[in-house]
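The numbering of the sequence shown is our numbering, which starts it at 17 and goes up by one. Written below as structure tokens is the structure these notes are about.
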Amino acid sequence: MGARASGAILTSIPCWFSTDWPSPGSSPELLRLSHYGDLPRFIRDVQWGLQDPLPWFPVCVDFVRRHIAPEVLWSDIYQDLAWHVLENTGTYLRTYFAVGEEEKLVLTVFLPVDDSFDLGLDPGPHIAKVASSRPVGGGRIVRTGAEAREHARSMSLAVRAAGGQGVAGHAFVRQCAVEVLDNGQGINWEFSRAMEVEWDRESDSTPRDWRSILALPVLDTPSWVPIAVIVLTSNRPDPIWRRLEPQQDLAELKAMLRRTARSLVVDLPGRISGGAATP
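Below, the structure written as structure tokens:
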């Protein structure tokens, strides 16, 4: 009683990548699992197949659009409230997990977007940065809705069957947590040189001030596909999530972050529409 699962729970899953049930005597293709966290992705790939553009991506966008209309997402009130939600979550995490004052944490949320979000992106599936707890600077803490849309246009990541750009894009496609520690390899995964310059600064005059990053996909819909990615960054080479006990404290941290991201998609737009939204 009370035992927790850890490590691999399956070594392989027999399956067919075919719309037709195989004939008697045929052999299934084995999908290798390295960890139980890979299971949702493998089930998704068996259901939808492995091709570009991602056949399951419209399901992700449809879920987001049903809960948060683009005009709400790019409104001043949504951006103000989203900043407060993320900032309050960060403050709570610092207290609950006893994070030292020297460690700087920032929370950021990415959502799957299409042409209806009016970002003018290149063809193909993308996720875009839509909210962050980082103050804008220049005496302000929050972007206006119009500024947030322009920022999302430049801070978008392509996602493909082989993987996604950046740590957040990779987490979205893999449907599991992805981290990079201490400016390690993969922090600018599949970035062009122009993207590296754009993403490695926080403003025109401020360089990137974090060293470690954790990206968590938020899964929903009957197909159990990602509807958001929440990112936590730290200026430490050994960030808070690496110092937590994995089976309890770290799991609790991840659950808190996922709940926060889901609330920005599902709960916050309803509060705005109902007229009950206050920071």
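Each residue gets a CB set at the ideal place from its N, CA and C atoms; glycine is no exception. From a predicted model like this one, the values you see are computed outputs, not experimental measurements.
By DSSP, does residue i sit in helix, in strand, or in coil?
i	result
Asp130	coil
Ser212	The sequence shown places Glu at residue 212, not Ser. Helix at Glu212.
Ser239	coil
Glu195	strand
Ile29	With a pLDDT of only 49 at Ile29, under the threshold of 50, the placement of this residue in the model should not be trusted; the figure read from the coordinates follows. Residue state, collapsed to three classes: strand.
Pro139	coil
Thr124	strand
Arg224	coil
Arg252	coil
Gly286	helix
Arg156	strand
Arg259	coil
Ala9	For the chain, the structure presents residues 17 to 295; residue 9 sits outside this window and is missing.
Gly116	coil
Gly179	strand
By Cβ distance, which residues of its chain are closer than 7 Å to residue i, with the 5 residues on each side in sequence left out?
i	result
Ser170	Glu214
Val241	Arg60, Trp72, Val75, Cys76 and Leu235
Ala168	Leu135, Ala144, Lys145 and Val146
Looking at the unbroken beta strand (DSSP E) that takes in residue i, where does it start and where does it end?
i	result
Pro233	Ser228 to Asp236
Ala147	His142 to Ser148
Kindly indicate the opening and closing residues of the alpha helix (DSSP H) around residue i.
i	result
Ala184	Gly182 to Arg190
Ala174	Element bounds for Ala174: not the alpha helix (DSSP H) but the beta strand (DSSP E), Ser172 to Arg176.
Arg275	Ala267 to Val282
Which same chain residues, not among the five before or five after residue i, have their C-beta less than 6 Å away from its C-beta?
i	result
Asn204	Glu212
Leu127	Val80, Val146 and Ala244
Asp130	Val77
Arg278	Val234
Leu137	Ser172
Rounded to the nearest angstrom, how far is the Cβ of residue i from that of residue j, given a contact under 8 Å?
i	j	result
Val281	His83	5 Å
Ser208	Trp226	Actually they are not in contact, since the Cβ atoms of Ser208 and Trp226 sit about 21 Å apart, beyond 8 Å.
Ala187	Gly140	Between Gly140 and Ala187 the Cβ distance is about 18 Å, and since that is not below 8 Å, they are no contact.
Arg165	Trp90	4 Å
Arg57	Gln191	4 Å
Val122	Arg150	5 Å
Leu70	Ala177	6 Å
Ser15	Leu273	The chain is shown only over 17 to 295; residue 15 falls outside these bounds and no answer can be derived.
Val189	Ala231	About 11 Å; that fails the 8 Å criterion.
Tell me which same chain residues have a C-beta within less than 8 Å of the C-beta of residue i, skipping the five on either side of it?
i	result
Ser148	Trp99, Leu102, Val122, Leu123, Thr124 and Val125
task: Would you list, in sequence order, the uninterrupted alpha helix (DSSP H) runs of no fewer than 4 residues that lie entirely inside the segment 53-105?
output: 55-64, 73-83 and 86-89
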